[in-house]
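Novice:
Protein chains in written order, with the numbering used here: chain A, 992 to 1130; chain B, 3 to 116.
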């Protein structure tokens, strides 16, 4: 298991950095294009949540990215230093009454694009998102 | 590459050609500004051509929904043309295929506004 940890600023540029880092690791394991697209999108949505909603662009707060390669899977952990987040507080974007809401679809897309997805309280604070995508399940 | 947008008139339908990525930041705001501007100027039949759009994130989807609402509130219609498989998948996952009218070819889309 090879883990790489990166500390990122709370900026939208960091979204691109994280996406590039994860996709590089995923290519090394052998994920195909459609899976790379899905992984990239899951990372992108998670990073946007961390930068915009978690750290609120605060320059003093960092995003902690961890990418762990295994022969059959890629594990990505993205942790912010914000005030914490309850995923159950997000209205169901698939509820008919919410379909025309402008926001609130990020978690839905992440869940759709990775095989395992957890939102945990960060230590000592913030929110930690853990995502796993398996090569064996890749199309 | 962020999004590039232009528009042209086909009869009374305004076709908005987008290309690139519609994502949080410049891409999504360029999209929003153009549709709002067209709606404010009285364009009531708007067809958004996404054939050359390679990537849309949840913010981009949000701007599409917001644009749909804006145009509808102005008494108009906003429809989509030429979705890639990945964008179609996004509309399936988000159930927005129940909101947007989607077309594969431009003549059919133009006729649908009649």
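Virtual Cβ for every residue (Gly too), placed ideally from N, Cα, C. Quick caveat: nothing in here was measured; it's all calculated off a predicted structure.
DSSP state of residue 1029(A), grouped into three classes?
Specialist: One-based indexing of the first chain puts residue 1029(A) at position 38. Note: residue 1029(A) maps to helix in three-state DSSP.
Novice: Bridge partners of residue 97(B), per DSSP?
Specialist: Residue 97(B) sits at position 95 when you count from the first residue of the second chain. Residue 97(B) is not bridged to any residue.
Novice: Distance check for residue 59(B) and residue 1055(A), CA to CA, integer angstroms please.
Specialist: Sequence index remark: in the first chain, residue 1055(A) carries index 64 (1-based). Sequence index remark: in the second chain, residue 59(B) carries index 57 (1-based). Taking the straight line from one Cα to the other gives about 22 Å.
Novice: Rounded to the nearest angstrom, what separates residue 1057(A) and residue 1041(A) at their Cα positions?
Specialist: By 1-based counting over the first chain, the position of residue 1057(A) is 66. By 1-based counting over the first chain, the position of residue 1041(A) is 50. If you take the alpha carbons of residue 1057(A) and residue 1041(A), they lie about 14 Å apart.
Novice: Apply the 10 Å Cβ neighbour rule to residue 1084(A) and answer buried if 16 or more other Cβ atoms are within range, or exposed otherwise.
Specialist: Within the first chain, numbered from 1, the residue matching residue 1084(A) stands at position 93. By the neighbour-count rule (16 or more Cβ atoms within 10 Å), residue 1084(A) is buried.
Novice: At a Cβ cut of 7 Å, what residues of the region 1067-1096 of chain A count as close to chain B, listed as they run along the chain?
Specialist: Within the region 1067-1096 of chain A, the residues whose Cβ lies closer than 7 Å to some Cβ of chain B are 1084, 1085, 1090, 1091, 1093, 1094, 1096, listed in chain order.
Novice: Keeping to the same chain, check which residues put their C-beta closer than 8 Å to that of residue 1099(A); ignore five residues upstream and five downstream.
Specialist: Position 108 of the first chain, counted from the start, is the residue given in the question as residue 1099(A). Counting only Cβ-Cβ distances below 8 Å, and skipping sequence neighbours, we find 1084, 1085.
Novice: Could you tell me the alpha carbon to alpha carbon distance between residue 1182(A) and residue 23(B), rounded to whole angstroms?
Specialist: The requested residue 1182(A) is not part of the displayed model; chain A covers only 992 to 1130.
Novice: Exposed or buried, residue 1026(A), counting other C-beta atoms within 10 Å across all chains shown (16 or more means buried)?
Specialist: Counting from one through the first chain, the residue named residue 1026(A) turns up at place 35. Its Cβ being crowded by 16 or more others within 10 Å, residue 1026(A) is buried.
Novice: Which residue comes first and which comes last in the beta strand (DSSP E) that contains residue 1042(A)?
Specialist: Position 51 of the first chain, counted from the start, is the residue given in the question as residue 1042(A). Per DSSP, residue 1042(A) belongs to no beta strand (DSSP E) and is neither H nor E.
Novice: Would you be able to state if there are at least three C-beta pairs under 8 Å between the region 1071-1078 of chain A and the region 25-33 of chain B?
Specialist: With the cut-off at 8 Å, the region 25-33 of chain B and the region 1071-1078 of chain A do not touch.
Novice: Just the Cα atoms here: how many angstroms apart are residue 6(B) and residue 1115(A)?
Specialist: For the purposes of this step, residue 6(B) is identified with residue 4 of the second chain, where counting begins at 1. For the purposes of this step, residue 1115(A) is identified with residue 124 of the first chain, where counting begins at 1. C-alpha separation (whole angstroms): 43 Å.
Novice: Within 10 angstroms of its Cβ, does residue 1046(A) collect 16 or more other Cβ (buried), or is it exposed?
Specialist: The residue you call residue 1046(A) lines up with position 55 of the first chain. Classification of residue 1046(A): buried, given that the 10 Å Cβ count is 16 or more.
Novice: What is the rounded straight-line gap between the Cα of residue 1082(A) and the Cα of residue 1089(A)?
Specialist: Along the first chain, read from residue 1 onward, the residue named residue 1082(A) stands at position 91. Along the first chain, read from residue 1 onward, the residue named residue 1089(A) stands at position 98. If you take the alpha carbons of residue 1082(A) and residue 1089(A), they lie about 7 Å apart.
Novice: So is residue 1024(A) in contact with chain B if we call contact Cβ pairs under 8 Å?
Specialist: Taking the first chain and counting its residues from 1, one reaches residue 1024(A) at position 33. Output row for residue 1024(A): interface = no.
Novice: Hey, is residue 1103(A)'s beta-carbon within less than 8 Å of any beta-carbon in chain B?
Specialist: For the purposes of this step, residue 1103(A) is taken as residue 112 along the first chain, with counting starting at 1. Judged by the 8 Å Cβ criterion, residue 1103(A) is in contact with chain B.
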